[in-house]
Amino acid sequence: MNILTQISENLQKGNDELVEALTQEAIAKNLPPKDILDHGLIAGMNIISDQFKAHEIFLPDVLLAAKAMYAGMNVLKPLLIKDKIPSRGKVVMGTVQGDLHDIGKNLVSIMLQGAGYEIIDLGNDVSPEQFIEAAKTENANIIGMSALLTTTMPVMKKVVALLKEQASAGAIKTVVGGAPVNREFAQEIGADAYGFDAANAVEIVNKLSGH
Ligand code: B1M
Numbered sequence: 001m002n003i004l005t006q007i008s009e010n011l012q013k014g015n016d017e018l019v020e021a022l023t024q025e026a027i028a029k030n031l032p033p034k035d036i037l038d039h040g041l042i043a044g045m046n047i048i049s050d051q052f053k054a055h056e057i058f059l060p061d062v063l064l065a066a067k068a069m070y071a072g073m074n075v076l077k078p079l080l081i082k083d084k085i086p087s088r089g090k091v092v093m094g095t096v097q098g099d100l101h102d103i104g105k106n107l108v109s110i111m112l113q114g115a116g117y118e119i120i121d122l123g124n125d126v127s128p129e130q131f132i133e134a135a136k137t138e139n140a141n142i143i144g145m146s147a148l149l150t151t152t153m154p155v156m157k158k159v160v161a162l163l164k165e166q167a168s169a170g171a172i173k174t175v176v177g178g179a180p181v182n183r184e185f186a187q188e189i190g191a192d193a194y195g196f197d198a199a200n201a202v203e204i205v206n207k208l209s210g211h
């Protein structure tokens with residue numbers, strides 16, 4: 001069996017130690033990190049998503065798969081982040097209030113870090129006030145928000161609205177993303193941009209910060 005399929009299948013079974021070892025093995029075989037991420041780890045997590053949606057598996061299974069996803073991501077992280085490149089700007093990142101899904105947000109952070117941005121990661125369950133406060137104190141150019149639940153998407157609207165009320169409006173740009181988020185929603189709430197995946201988030205942030 002192809003090593004990427006093995007990574008995907010072991011991620012689905014929640015075999016975190018095996019996923020870590022297989023990811024190391026794939027790197028040793030000179031497979032590109034982006035392929036290991038897309039066709040191994042993310043491919044496995046997509047299958048977990050479909051099975052969870054179809055009620056074929058339950059929350060503890062998803063948690064185990066998430067743990068395995070992190071085991072692989074931790075191995076890939078240094079390869080996705082280049083060393084010693086001058087900072088292209090600061091991005092405050094977080095998953096919005098009420099939402100604990102952080103795998104996608106962490107992937108976006110890793111890719112942005114790899115592209116030379118300084119990331120202020122506020123974690124998950126981040127309130128609108130925390131986003132704005134951090135962006136101001138850190139002098140950040142961009143606020144990046146992730147939401148995976150339809151019920152937490154409105155928090156993004158609050159952040160954009162709160163930012164627009166402030167004197168710093170315009171100076172700090174907002175980027176939104178996450179599985180239920182789309183371009184129309186981003187436009188509707190007045191966000192500056194929408195990123196559909198981690199690589200696209202880098203392109204968007206580059207564009208917004210003039211790189
Ligand atoms: Co939950 N969950 N979950 N979950 N979970 C979803 C999101 C769901 C779609 C599953 C389903 O029903 N099919 C569903 C939401 C339904 C909805 O709102 N429409 C759901 C639910 C219902 C729940 C709970 C409510 C379940 C319950 O308790 N009954 C609960 C909520 C907890 C909470 O947040 N308050 C819950 C809990 C969990 C776990 C804790 C078990 C776990 C999260 C673990 C963790 O994150 N540490 C989990 C997981 C893993 C998932 C699924 C299966 C996978 C999410 C994931 O990590 N994907 C998910 C199914 C799905 O998304 N289809 C599901 C992989 C990740 C790489 O993709 O996060 O989409 P993603 O990120 C992508 C892009 O979206 C984009 O780039 C990333 C890389 O390509 N992106 C950005 C993300 N953020 C971005 C920001 C940007 C730009 C791009 O700019 C700033």
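The sequence shown begins at 1 in the UniProt record's numbering and counts up by one. Here a beta-carbon is modelled for each residue, glycine too, at the ideal position from N, C-alpha and C.
CB of ILE149 to nearest heavy atom of the ligand B1M: below 7 Å?
-> Looking at the sequence shown, residue 149 is not Ile but Leu. Yes, since a heavy atom of the ligand B1M falls inside the 7 Å radius drawn around the Cβ of LEU149.
Closer than 7 Å: is that where the CB of PRO180 sits relative to any heavy atom of the ligand B1M?
-> yes
Return the Cβ separation of ILE204 and VAL175 in integer angstroms, given the expectation that the two are a contact with Cβ distance under 8 Å.
-> 6 Å
Check whether the stretch 183-191 touches the stretch 91-111, taking contact to mean three or more Cβ pairs, one atom from each stretch, closer than 8 Å.
-> no
Could you tell me whether any non-hydrogen atom of the ligand B1M is closer than 7 Å to the CB of ILE120?
-> no
Quick one, are the C-beta atoms of ILE81 and ILE48 less than 8 Å apart?
-> no
For ALA147, name the three-state secondary structure that DSSP assigns.
-> coil
Take THR152 and list the residues in its own chain whose beta-carbon comes closer than 6 Å to its own, dropping the five residues that flank it on each side.
-> VAL96, GLY98, ASP99
Are there 16 or more other CB atoms within 10 angstroms of the CB of GLU20, so buried, or fewer, so exposed?
-> buried
Candidates ARG183, GLY177, LYS136: which alpha carbon is nearest LEU162's?
-> LYS136
What separation, rounded to the nearest whole angstrom, lies between the Cα atoms of ILE172 and SER209?
-> 10 Å
If we call anything under 8 Å between Cβ atoms a contact, is ILE3 one with LYS29?
-> yes
Just tell me which of GLY116, PRO128, LEU63, THR23 has its CA closest to the CA of LYS158.
-> PRO128
MET1 classed as buried or exposed, judged by whether at least 16 other C-beta atoms fall within 10 angstroms | exposed
Is the closest heavy atom of the ligand B1M to the C-beta of VAL92 under 7 Å?
-> no
Could you tell me the distance, in whole angstroms, from the CA atom of PHE185 to the CA atom of ASN106?
-> 22 Å
On the DSSP bridge assignment, give the partners of TYR194 in chain order.
-> VAL176
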